[in-house]
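To keep things clear, I will list the structure first and then write my remarks on it.
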Amino acid sequence: MAETKLKIQWLVNAIGFGKGRISLGFCEKHPERIAFVAPNQGMTVLIPMIVRDLYLTARGCEEGKRCLIQDCPLNRTTFTSYINSAKWKKDGIPRKKNFDILLNRLSEWQGMLRQEIMRIDWTKDLTYLYTEPTIVLRRQKT
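Here this note's numbering = 1-based position in the sequence shown + 195.
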């Protein structure tokens, strides 16, 4: 397999929760599906500016252990690989429950953002910045 470069496009600050914001990344291979989630706090705020493409090689996908498109044949993401790459821990303890909730919410967010996702122009290298989040998450009562 020859090396193939694919673009990643971002909807920055697309989701809000409290005072926080989440950016969503989309892979050119599956352009209508959320591949990456980056909370806008600390150094992760830079992810949409740094992660702009990925490479497919004979060894697989460069982002295969961080991608959230679970049914992609190149995906190798597990709870452990995602936690290690995202440093997504609370009090130093990984929260599998949070990862499962995230995976379950992706299709809901894709539906809610369908119009914005359809507007992504894959012929250009753009970042779509929202001054106000399109989706505002509220705590679910249990």
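Using N, Cα and C, we set each Cβ at its ideal position, and we do this for glycine too. These figures come from a predicted structure and were not determined experimentally.
TODO: Please confirm whether any heavy atom of the ligand NAP lies closer than 6 angstroms to the CB of residue 267.
DONE: Looking at this structure, you won't find the ligand NAP or any other ligand, since it has none at all.
Task: Per-residue DSSP class, three states only, for residue 277 - done: On the sequence shown, position 82 is the one that residue 277 refers to. Looking at residue 277 - three-state DSSP - the assignment turns out to be helix.
Open item on the list: Going residue by residue through the stretch 215-245, where are the continuous beta strand (DSSP E) segments of at least 3 residues, counting only ones entirely within it?
Closed with: 215-222 and 229-234
- [ ] Starting from the C-beta of residue 205, find all residues in its chain whose C-beta is less than 6 angstroms away, skip the five residues before and the five after it, and write them out in chain order.
- [x] Here residue 205 corresponds to residue number 10 of the sequence shown, with the count starting at 1. 218, 220, 243 and 322, listed in sequence order.
Open item on the list: Quick check on residue 272: buried or exposed, where buried means 16 or more other Cβ atoms within 10 Å of its Cβ?
Closed with: On the sequence shown, residue 272 is found 77 positions in, with the first residue counted as 1. When all chains shown are included, residue 272 counts as buried.
Open item on the list: Going by C-alpha to C-alpha distance, which of 203, 297, 199 and 197 sits closest to residue 312?
Closed with: Within the sequence shown, residue 312 is the residue found at index 117, counting from 1. Among 203, 297, 199 and 197, the Cα nearest to that of residue 312 is on 203.
Task: Between the CA atoms of residue 298 and residue 263 - distance to the nearest angstrom - done: Residue 263 sits at position 68 when you count from the first residue of the sequence shown. Residue 298 sits at position 103 when you count from the first residue of the sequence shown. Their Cα atoms are separated by approximately 7 angstroms.
- [ ] Could you check the C-alpha separation between residue 333 and residue 304 for me, to the nearest Å?
- [x] What you label residue 333 is simply residue 138 of the sequence shown in a count that begins at 1. What you label residue 304 is simply residue 109 of the sequence shown in a count that begins at 1. So the alpha carbons of these two residues sit roughly 13 angstroms apart.
- [ ] With residue 248 as the anchor, note down where its beta strand (DSSP E) starts and where it stops.
- [x] By one-based count along the sequence shown, residue 248 stands at place 53. Element bounds for residue 248: 248-252.
TODO: Enumerate in chain order the residues of its own chain whose CB-to-CB distance from residue 258 is below 6 angstroms, with the five nearest sequence positions on each side excluded.
DONE: Within the sequence shown, numbered from 1, the residue matching residue 258 stands at position 63. Closer than 6 angstroms at Cβ, skipping near neighbours: 249.
- [ ] Using only alpha-carbon positions, find the residue among 314, 240 and 320 that is nearest to residue 247.
- [x] The count along the sequence shown starts at 1 and reaches residue 247 at position 52. The candidate whose alpha carbon is nearest that of residue 247 is 320.
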